[in-house]
Each structure stands twice: as structure tokens, then as C-alpha cells.
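Numbering-wise (the numbering used here), the sequence shown opens with residue 28 and increments by one.
For glycine and all other residues, C-beta sits at the position ideal for the given N, C-alpha and C.
Being a predicted model, the structure only gives us computed values, none of them experimental.
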Amino acid sequence: MIKKIDDEKDIDAIFDLASKYHTGDGVEQDYEKAIELYESIADKDSVAAHNLALIYCGAYGENKEYFNKGISLFIENSEKSYGPSCAELMKLMILGFNIEQTHSGALYYLQKCIEVKHYKAIDDYYRVVAIASNIGLNIDDAIRVLEPDSARAISVEKQIIKDRTPPSASWRIKGQALLEHNGRKIDEIEVEFDNDDPEATYYFDISNAFSGDE
């Protein structure tokens, strides 16, 4: 067993080697070697812990003991505000895969992703919701921005749209409307692109921007 490592350069070197065994990059893919290497630095590196959890829940996911280890690592990482681990928990909770299916729990982890600007999770959310319930974008599943200041809420909205759009794509807001839906204030933003991509509509729950609630 590899001893625990403290030197940052050693951590980077071990991570690089673990990644190669994990993905089969330049070496024969070997999950057992990847696990051993990731485990030696998981307490020092959130990405290593996350990748280790991915192996436990993915490659060894049929083994409940390994799967539970993976979930524990995702939870530990989410408590450190590591966005990708929050996103994995969100997806698992939407699907109810070897874990309780809970939409409220999924939204909790989606909100944590937004707080740490891991906006890719928003795409994952809608994609997995569509898989789970065979529906597309739905106003009932509006992104919860939850900013107490309307100017900040709009800034966050624009940043989310920017992060969801390929860097090479040029886009502009075509229309914007404030909707009332089940007692919530929803900002509807229509976006158009310069290329042939279809127009997109985004829904943001910005109730707190108007109510001032915490």
C-alpha cells in the first residue's frame, strides 16, 4: 500500500499516474491501481477523491459496499464545496440509482453547484430530469438563483447563460419577461445565437430578489 503523501509535487505526480490508470491513457486501464493511487492522496486532493468515488460508483457500482464508499466520498467533497461531487449526488438523487430518489435533495445539491459557480450542473440537471421523467425544460424546474438583490440576480443569470454557451458562439438576449408561477417570480429569458443553433429559453427563480427573504 502506498503511504500517505504530503509533498505537493508528489501529490501531482501520483494524481497524474492515477488518472492514466483510470482512463487508460498511455497505459492499460487498471482500476485497482488507480484506486490505490487515488486513495493515497484522496484526503489531500478533492479531485482525486471525486475520481475515486466515480470508480466506486461506476466501475464497481454493482458492489453495494463500494457504491456506498463512493457516496460517502461525494458527500465529504460536497461539504468542501466541490462542485462536481455535488453534481454527481444531484444526478443520483434525480434517478434514484442505489440511493433515495428525492427531487428536493437534488435541488439542494444543484443550489450548492450554483453557489460555487459549477454551472455545468444546470445542464446535467435538465438532461437527467428528462431521462428520469421523459420531459424537457419545464418552468416547474426553474433554476433557483435565490439572490436577495435583483441586480446581482441578473448578473448571475447572464453568467450562467454565458457558461452554458460554447465560447465560439455569439449570443444575445432576445426577450425577457417576469412571470408569476405558483407564487414564485420567474424570470424568463429568450436567447438567440448568431449561428444556426436554435433559440433557447431559460427560467430563473428570482423570488428573493423581490421579497428580500434570506
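Within the same chain, Cβ atoms closer than 7 Å to the Cβ of Asp190 are found at Tyr146, the five residues on either side in sequence being excluded.
Rounded to whole angstroms, the Cβ separation of Gln203 and Ile216 is 5 Å, and the two are in contact under 8 Å. For the pair of segments examined, the segment 103–116 was found to touch the segment 66–79: the number of CB pairs separated by less than 8 Å reaches three. The DSSP-derived three-state label of His145 is coil. Just measuring C-alpha positions, the residue of Leu206, Asp72, Val155, Tyr230 sitting nearest Lys185 is Tyr230. For Lys107, the closest of Lys139, Lys60, Arg171, Asn125 by C-alpha to C-alpha distance is Lys139.
Beta-bridge partners assigned by DSSP to Lys212: Glu207. By the Cβ neighbour-count rule, Val54 is exposed, with fewer than 16 other Cβ atoms within 10 Å of its own. Phe237 counts as exposed, since fewer than 16 other beta carbons sit within 10 angstroms of its beta carbon. No residue range can be given for Tyr87, since it is assigned to no beta strand (DSSP E) and is classified by DSSP as neither H nor E. For the set Ile98, Tyr83, Ala45, the Cα lying nearest the Cα of Glu127 is the one of Ile98. Residue burial annotation: Ile82 is buried, with at least 16 other C-beta atoms found within 10 angstroms of its C-beta. Beta-bridge partners of Arg171 (DSSP): Asp232.
Residue state for Phe237 is assigned as helix, using DSSP reduced to three classes.
Counting of Cβ neighbours within 10 angstroms places Ala133 among the buried residues, the total reaching 16 or more. Residue Gly85 holds the alpha-carbon nearest to the alpha-carbon of Leu119 among Ala227, Gly85, Glu219. Counted as a single uninterrupted DSSP element, the alpha helix (DSSP H) harbouring Asp190 occupies residues 177–191.
Leaving aside the five residues that flank Asp57 on each side, the residues in its chain whose CB is nearer than 6 Å to its CB run, in chain order, Tyr48. In this structure, Ser234 lies away from Lys201, with their beta-carbon atoms at least 8 Å apart. If the five residues before and after Tyr152 are omitted, its C-beta is found closer than 6 Å to the C-beta atoms of Leu137, all from its own chain and listed in chain order.
Exclusion of the five residues before and after Val143 leaves Ser108, Gly110 as the residues of its chain whose Cβ lies within less than 7 Å of its Cβ. CA-CA distance, Glu207 to Asp176, rounds to 18 Å.
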